[in-house]
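Colleague:
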Amino acid sequence: MTPGARTAAAIAVLDRILAGEPAEKALVNWARNSRFAGSGDRSAVRDHVFDALRRIRSASALGGGRWPEATSGRALMLGLIRAQGGDEAALFNGQGHAPAPVTDAETARAPEGLEALDCADWIAPQLREALGAGFDEVMGIMQSRAAVFLRVNLRLSDLEGARRILAAEEIETRPHPLAATALEVISGAKKIARSEAYLNGVVELQDVASQAVVAALDLADGQRVLDFCAGGGGKSLAMAALANLQIDAHDISFARMSDLPARAERARAEITLVETAALSGDYDLVLADAPCSGSGAWRRQPEARWRLDAAGLARLTALQAEVLASAAAHVAPGGRLAYATCSLLEAENGAQIAAFLAANPGYRLLHELRLTPAEGGDGFYMALLQRA
Ligand SMILES: C[S@@+](CC[C@H](N)C(=O)[O-])C[C@H]1O[C@@H](n2cnc3c(N)ncnc32)[C@H](O)[C@@H]1O
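Given below as C-alpha cells:
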C-alpha cells in the first residue's frame with residue numbers, strides 16, 4: 001500500500017471508531033476485508049489510528065474540525081499529519097487509493113487550552129487535582145506513544161544476561177530506574193513476541209509502573225498470596241518471580257485467566273487458578289488490582305480516554321468499593337490487603353482507601369505509592385493496608 005492508501009485506510013477505520021465501534025474490532029474488520037494489506041501495512045495503519053486517537057481533540061482542530069461534535073476520520077488524519085509536520089499534499093492527492101486533495105474548508109485551527117492538551121473538559125478538574133503542577137506535563141506526555149517495557153524474570157536471568165540474549169536477536173534495551181526488574185526497549189520491539197528470551201520465559205511484557213507496584217508489596221518467602229483480580233495474570237507472574245510464594249489467582253471472569261497457565265509454565269512459576277466459591281479467608285496478602293478508568297494508561301488505550309464519562313466513572317468507583325470489600329474478606333488476621341489501579345484519579349485511589357479505612361477500623365494504612373507517566377511508565381496507584 002502507498003502512504004496515501006494507508007492514510008485512507010486509517011481514515012476509514014477512525015470513522016468506524018467515531019461511530020462507536022471499539023478500536024480493536026474496527027482494525028480487525030478492516031484487516032479481514034483488506035487481504036492485499038501486508039503486515040507492514042497493518043502495523044502502519046494501526047499506528048496511524050492510535051496516534052490519532054491519542055490526539056483526538058487537538059488533531060480535530062488542526063484538521064479543520066472540532067471534537068466531539070464536528071470531527072471525522074479525515075479531519076483527524078489531516079490534523080495528525082499537520083501536527084507531525086508531514087506532507088499533506090503528497091498524502092491527500094486523490095491518486096490511486098489516496099484520500100482526495102485538501103479543500104479550503106479544511107483550514108487548520110490552532111487548538112487552545114484543554115483542546116491543545118487533548119483533555120476532555122469534564123474530567124480536567126479531577127486530573128488537575130491529582131496532578132497539581134504536573135498537569136500540563138503529564139497531559140502532554142499522554143499525547144505520544146508509551147515506551148515498551150520488559151520484566152526480567154530474575155528466577156531465570158539477571159538484567160545484564162537478559163539484555164545480552166535480547167541483543168543477540170537485535171532487541172536493544174536499557175535498565176529503567178523505576179523498577180529493578182525493568183528493561184526499556186530502545187529498538188526491535190516488534191521482534192519480542194517471537195524472541196527466544198520471551199518464549200523461554202526470561203522476559204515478559206509488562207509496564208515498568210506495574211513492576212514497581214509489585215516490588216512495593218514487600219513480598220517474603222512462604223507467604224500465601226491471593227491475586228483477587230488476576231486477569232491475564234501479569235501481577236501474579238511478577239510476584240512469583242520475586243519470592244517463593246503460594247499464589248492463588250482469581251478473577252470474577254475465570255475465562256480472563258485462560259492464558260495464565262501457559263504464561264506461568266513459560267516463567268517456571270507455580271500459580272493456582274481458584275474459583276470464587278473455593279476462596280478461603282486466610283491469605284497473608286490479598287492484592288486487588290481493581291478494574292478502573294485506566295487514566296494512567298491512556299497512552300496504550302487512547303480510546304478509553306474519550307469513551308469515559310461521568311456516569312462510567314461513577315459505575316467504576318462503586319465497583320471498586322465492592323471489590324475492596326470482597327477482597328478484604330480473604331485476608332487473614334494480621335495479614336495485608338493491597339489495592340491498586342492504573343488510574344490517576346483520586347476518586348479511584350486515595351478516596352477509595354479513605355472510605356475503606358473509615359468503614360474498617362481493623363485496618364491501617366502502611367504506605368501508598370502514586371506514579372504518573374512523568375516517571376516513565378503508566379500512571380499507577382497502590383495502597384498497602386495491614387489488618388490487625
Ligand atoms: C485491571 S484488571 C487486572 C489486571 C491484572 N491484575 C494484570 O496485572 O494483568 C482488573 C480485573 O478485575 C476483574 N474483576 C472485575 N470485577 C471483579 C470482582 N468483583 N471480583 C474479582 N475480579 C473482578 C476483571 O475481570 C479484570 O480482569
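Counting along the sequence shown from 1, when you hit position 123 you're at 123 in UniProt numbering, and nothing is skipped either side.
Built from N, CA and C at the ideal position, the CB exists for glycine as well.
1) Taking 7 Å as the limit, name every residue whose beta carbon sits nearer than that to some heavy atom of ligand 1, in sequence order.
2) Excluding the five sequence neighbours on either side, which residues of its own chain have a C-beta within less than 7 Å of the C-beta of Pro3, listed in chain order?
3) Please go through the region 181-259 and give each complete beta strand (DSSP E) segment of 3 or more residues, from N-terminal end onward.
4) Within 10 angstroms of its Cβ, does Trp298 collect 16 or more other Cβ (buried), or is it exposed?
5) For the alpha helix (DSSP H) that contains Asp284, what are its first and last residues?
6) By the three-class DSSP mapping on this structure, what secondary structure does Leu117 have?
7) Assign Val148 to one of three DSSP states: helix, strand, or coil.
8) Using CA coordinates, which residue listed in Ala267, Ala179, Arg268 and Ile192 is at the minimum distance from Ala209?
9) Do you know how far the Cα of Gly94 is from the Cα of Leu313?
10) Starting from the Cα of Leu287, find the closest Cα among Arg256, His250 and Ala262 and give me that residue.
11) Under 8 Å, do Ala338 and Leu273 count as touching if we go by C-beta distance?
12) Taking residue 407 as the reference, give the member of Gln352, Thr7, Gln301 and Thr341 with the closest Cα.
13) Tell whether a beta-carbon distance below 8 Å holds between Leu369 and Arg336.
14) Could you check where the alpha helix (DSSP H) with Met139 kicks off and where it finishes?
15) Taking 8 Å as the cut-off, decide whether the C-beta atoms of Glu204 and Leu156 are in contact.
16) Along the chain, where does the beta strand (DSSP E) containing Ile271 start, and where does it finish?
17) Among the candidates Arg151, Glu184, Leu357 and Ala120, whose CA atom is the shortest distance from the CA of Arg54?
18) Does the region 102-122 come into contact with the region 27-36, if we say contact requires no fewer than three beta-carbon pairs (one atom in each stretch) closer than 8 Å?
19) Could you tell me the alpha carbon to alpha carbon distance between Asn33 and Asp41, rounded to whole angstroms?
20) What number of angstroms, rounded off, separates the C-alpha of Glu170 from the C-alpha of Gln206?
21) How close, in whole Å, do the beta carbons of Ala243 and Gly201 come, if the pair is a contact with beta carbons under 8 Å?
22) Do Glu270 and Ile17 have their beta-carbon atoms positioned less than 8 Å apart in this structure?
23) Is the beta carbon of Arg57 closer than 8 Å to that of Trp67?
24) Roughly how many angstroms separate the alpha carbons of Glu106 and Leu80, rounded to a whole number?
25) Which same chain residues end up closer than 7 Å to Gly65 when comparing Cβ atoms and leaving out the 5 residues on each side of it in sequence?
26) May I have the straight-line CA-CA distance separating Met1 from Thr173, to the nearest angstrom?
Modeller: Put simply:
1) Every residue passing the under-7 Å Cβ criterion appears here: Ser210, Asp227, Phe228, Cys229, Ala230, Gly231, Gly232, Gly233, Gly234, Lys235, His250, Asp251, Ile252, Ser253, Arg256, Asp289, Ala290, Pro291, Cys292, Leu319, Glu322, Val323, Ser326 and Cys342.
2) In its chain, beyond the 5 residues on either side, Leu91 have a beta carbon closer than 7 Å to the beta carbon of Pro3.
3) The DSSP assignment places complete beta strand (DSSP E) segments of no fewer than 3 residues inside the region 181-259 at 203-205, 224-227 and 246-249, in order along the chain.
4) Buried is the call here.
5) Run containing Asp284: none in the alpha helix (DSSP H); it sits in the beta strand (DSSP E), Tyr283 to Asp289.
6) Looking at Leu117 - three-state DSSP - the assignment turns out to be coil, as it is neither helix nor strand.
7) Of the three classes helix, strand and coil, the one that applies to Val148 here is coil, per DSSP.
8) Measuring C-alpha to C-alpha distances from Ala209 to each of Ala267, Ala179, Arg268 and Ile192 identifies Ala179 as the nearest.
9) About 43 Å.
10) Ranked by how close their Cα comes to the Cα of Leu287, the residues Arg256, His250 and Ala262 have His250 in first place.
11) Taking 8 Å as the cut-off, the Cβ atoms of Ala338 and Leu273 do not count as close.
12) Past the edges of the chain, shown from 1 to 388, lies residue 407, and the structure says nothing about it.
13) Not closer than 8 Å, so no.
14) Taken as a continuous stretch (DSSP letters only), the alpha helix (DSSP H) holding Met139 covers Phe135 to Ile141.
15) For Glu204 and Leu156, no; Cβs fall outside 8 Å.
16) Ile271 to Leu273 is the span of the beta strand (DSSP E), which, as asked, contains Ile271.
17) Of the candidates Arg151, Glu184, Leu357 and Ala120, the one whose C-alpha sits nearest the C-alpha of Arg54 is Ala120.
18) These segments do not touch.
19) Computed Cα separation, rounded: 13 Å.
20) Looking at the two C-alpha atoms, the distance is approximately 19 Å.
21) Incorrect: roughly 17 Å between the Cβ atoms, too far for contact.
22) At a Cβ-Cβ threshold of 8 Å, Ile17 and Glu270 do not count as neighbours.
23) Yes, Cβ-Cβ distance for Trp67 and Arg57 is below 8 Å.
24) Their backbone Cα atoms lie some 13 Å apart in a straight line.
25) Excluding positions up to five away in sequence, the list reads Thr71, Ser72 and Ala75.
26) The alpha-carbon atoms of Met1 and Thr173 are separated by roughly 31 Å.
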